[in-house]
Amino acid sequence: GQRCTCARRLILVNNSQNQELLEQLSQSVARIQVGDPLGDKQPFMGTLVSADAARSILSAQEEYRSLGGNVLVPAQLVGSHQAMLTPSLILAPKSHSRDIAVRDEEHFGPMLMVTFVDDLQDAISMANQTRYGLAAGLLSDDAAAYETFMSRIRAGIVNWNCPTTGASGRLPFGGIGASGNHRASGYYAADYCSYPVAISKRTEQSTAPMLPPGLEEI
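Note that the sequence shown ends on residue 226 in our numbering; no numbers are left out.
Structure below.
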């Protein structure tokens, strides 16, 4: 139920296609199987790291509800398990969607906030209203829209028509703002876990200083 690059916000352009997408998403989220991964049936998702983590998701869900959020699929504890939680899907109403959507808190658990905006520019602007900046993704068949998104979005990992999870270890992994320190991880971590060393060396056969190629001693 927890992954560092899971999307916490879904920002949709307000049209009939995305309204249908939200309906399908709600049905899919409600069908997610949560359970013991060591049991007979393999669930889609297991427990959160602790009971406190689960309570923080439930508390945040009620906070968003009190602010006018429409809880389309409520998070609920599974049986007597205090850390096993079903996912939550919340729609920010258009009347004050921006006030809710830009509440800049990372609730580390299975909760997704959905917001409708007027166009791509508004979506990028809202997405950038965060002190974090680890991962972002665009779902679109428009290559020009992706070029605009890639050049304006503030994130260390930018994906196009693929999940925000599953970053390759061969590529730089890291975020900007509170999501990182501008030092790419993964394969590139070798660059800042070591340091360059410059060496000058004189051999016993020659007492003349070593000069770079192409230079003559004056």
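Virtual Cβ for every residue (Gly too), placed ideally from N, Cα, C.
{"Item": "Among Ser-58, Ser-64 and Asp-112, which residue has its Cα nearest to the Cα of His-89?", "Value": "Ser-58"}
{"Item": "I need the straight-line Cα distance from Ala-197 to Ala-144, nearest angstrom please.", "Value": "21 Å"}
{"Item": "Just the Cα atoms here: how many angstroms apart are Arg-162 and Asp-112?", "Value": "15 Å"}
{"Item": "Among the residues of its own chain, which have a CB less than 7 Å from the CB of Val-81, if the five just before and after it don't count?", "Value": "Ser-34, Val-37, Ala-38, Pro-95, Ser-96 and Leu-97"}
{"Item": "Just the Cα atoms here: how many angstroms apart are Leu-120 and Arg-16?", "Value": "5 Å"}
{"Item": "Return the residue from the list Thr-55, Pro-45 and Ile-132 that minimises the CA-CA distance to Tyr-154.", "Value": "Ile-132"}
{"Item": "Compute the distance between the beta-carbons of Gly-183 and Gly-164, then report whether it is under 8 Å.", "Value": "yes"}
{"Item": "For Leu-85, which option in Cys-14, Gly-43 and Gly-76 has the closest C-alpha, if you only look at C-alpha atoms?", "Value": "Gly-43"}
{"Item": "Cα separation between Lys-240 and Leu-66?", "Value": "Lying outside 9 to 226, the shown extent of the chain, residue 240 is not represented and no answer is given."}
{"Item": "Ignoring anything shorter than 3 residues, give me the beta strand (DSSP E) runs that lie fully in the segment 117-203, in order along the chain.", "Value": "119-125, 143-146 and 165-168"}
{"Item": "Return the chain-ordered list of same chain residues with a C-beta closer than 6 Å to the C-beta of Pro-171, the five sequence neighbours on each side being excluded.", "Value": "none"}
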